[in-house]
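One structure is given here, and the rest of the page talks about it.
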Ligand code: FCB
């Protein structure tokens, strides 16, 4: 009861103290996007995730698609599982010195408690292939890809299942700790919880605020428990472990939309920031959801923080839309808004990086443009925005463009093409896009080959 009372006060104070950020636009005609530079050892990376590229994976997404909840399953996707040698060469051709990829839990642990050494060997070989080319392997342990058996025992809805994730993830780290530069425990805990348990946009497709808050808390707790398991083990203690947060600014369309924007901001961002800053997960929305949990080691559980940023939304009541005057993309919910990238870096810096004294990696940023030439414009402006934030003191150590190649975009294939390489999903042929040249120019100018220490 006392907790609930304190939570109510905190909720009111949080909402009261927030101001919807005023929308910032820069005068791009007066900006020289060539006036950028990056420090030595900066990581110029590209990213993918297991289910989106590997092919042949049977996890909750496969089931979701076969139940008709989305247009299609990934099927053979980009056949990356079989073509990783070729793909490592393609990464090298870009001049990139880092590759963020996911591991597939359902391959590594096809049944609860049964581990497949051959799958782990496969990822070890992949890391070796990258390292020999001067490319840093960066692994995401969980990218929306729950095994079916895990979902069927209640997934992250149940606190007692946290240890199943920790056991799997620690096994992967035990195997690969000498080959991997950075470990990401989850791809965006808040997005997983909100899309799967509130917005019905991902498996399991529930709409339940209380459950969403519990899942969010369980993911964050799982992150901390894994971090501790890694650091308490003398052999793996050197591994660099972090998680990532996706920022999407929610801007009120009109004065009276402000409470919705603030509420969205509270759910999507504030609970996570508070958890890492204070070690307390406190979620309270009157009559809709209440979770209170203490994890005192949370503030000491990050070696770095990842940031995913794409764009911002306008809120009309609880509904969202894009900004009609901004450059549109192939995604109906994303425009080209580099100023927002700058704001997001400043935000993650102020709420996580500076208070916890950890560096930032941009773990995802990219575009599926309407016209190919927009990709170069996107990259020029987003790089400029990042460079500006870095000049103002944000410790950004790397940037991973999403994505290396066109891939399965959670429900469809080939409609939203984020890749620097075009993929023909019939033949799996990869072709460099002309718009990738700007990425290559910058990576070649400022990037150095990576070497594992
Ligand atoms: C991100 C996801 C990534 C990809 C991009 C476009 O939020 O993490 O898998 O779908 O959006």
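In this note's numbering, the protein residues as written are 34 to 486.
C-beta atoms are modelled at their ideal positions from N, C-alpha and C, and glycine is treated no differently.
In the DSSP output, which residue or residues are listed as bridge partners for residue i?
i: residue 354; result: 347
i: residue 144; result: 147
i: residue 326; result: 314
i: residue 477; result: Per DSSP, none; premise fails for residue 477.
i: residue 92; result: 180
i: residue 435; result: 80
i: residue 362; result: 402
i: residue 260; result: Bridge partners of residue 260: none, in fact.
i: residue 340; result: 278 and 395
I need the boundaries of the beta strand (DSSP E) containing residue i, first residue and last residue.
i: residue 482; result: Careful: residue 482 lies outside any beta strand (DSSP E) and carries neither H nor E.
i: residue 398; result: 393-398
i: residue 213; result: Neither: residue 213 is in no beta strand (DSSP E) and is coded neither H nor E.
When the cut-off is 9 angstroms and only beta carbons count, does residue i lie next to chain D?
i: residue 395; result: Included in the structure is just one protein chain, with no chain D present.
Apart from the five residues just before and just after residue i, which ones in its own chain have a Cβ nearer than 6 angstroms to its Cβ?
i: residue 329; result: 312
i: residue 452; result: 436, 438 and 439
i: residue 467; result: none
i: residue 432; result: 395
i: residue 384; result: 306
i: residue 233; result: 240
i: residue 461; result: 112
Mind checking which residues open and close the alpha helix (DSSP H) that includes residue i?
i: residue 278; result: Careful: residue 278 lies outside any alpha helix (DSSP H), inside the beta strand (DSSP E) at 274-285.
i: residue 118; result: 117-126
i: residue 134; result: Premise fails: residue 134 lies in the beta strand (DSSP E), 131-135, not in any alpha helix (DSSP H).
i: residue 371; result: 371-381
i: residue 454; result: Where residue 454 is concerned, there is no enclosing alpha helix (DSSP H), although the beta strand (DSSP E) it sits in stretches over 454-456.
i: residue 170; result: Not the alpha helix (DSSP H): residue 170 falls in the beta strand (DSSP E), residues 169-173.
Quick check: what's the CA-CA separation for residue i versus residue j?
i: residue 87; j: residue 279; result: 23 angstroms
i: residue 116; j: residue 445; result: 21 angstroms
i: residue 457; j: residue 107; result: 14 angstroms
i: residue 301; j: residue 224; result: 8 angstroms
i: residue 338; j: residue 253; result: 13 angstroms
i: residue 49; j: residue 350; result: Confidence in residue 49 is poor, its pLDDT being 49 and thus under 50, which makes the residue's placement unreliable; the coordinate value appears in the next sentence. Using only the alpha carbons, I get a separation of about 18 angstroms.
i: residue 51; j: residue 265; result: Since pLDDT at residue 51 reaches only 48, below the 50 mark, its modelled position is unreliable, and no value is offered.
i: residue 113; j: residue 85; result: 9 angstroms
i: residue 152; j: residue 80; result: 20 angstroms
i: residue 197; j: residue 422; result: 39 angstroms
i: residue 125; j: residue 475; result: 14 angstroms
i: residue 275; j: residue 216; result: 6 angstroms
i: residue 262; j: residue 201; result: 12 angstroms
i: residue 259; j: residue 208; result: 15 angstroms
i: residue 65; j: residue 413; result: 10 angstroms
i: residue 464; j: residue 119; result: 12 angstroms
i: residue 372; j: residue 63; result: 14 angstroms
Under 8 angstroms Cβ to Cβ from residue i, same chain only, skipping five residues before and after it: list those, please.
i: residue 366; result: 344, 346, 353 and 355
i: residue 470; result: 409
If I measure Cβ to Cβ from residue i and keep anything under 7 angstroms in the same chain, skipping five residues before and after, which residues do I get?
i: residue 294; result: 53, 283, 284, 285 and 348
i: residue 97; result: 103 and 236
i: residue 359; result: 368, 369 and 370
i: residue 379; result: 422 and 427
i: residue 309; result: 331, 332, 335, 385 and 389
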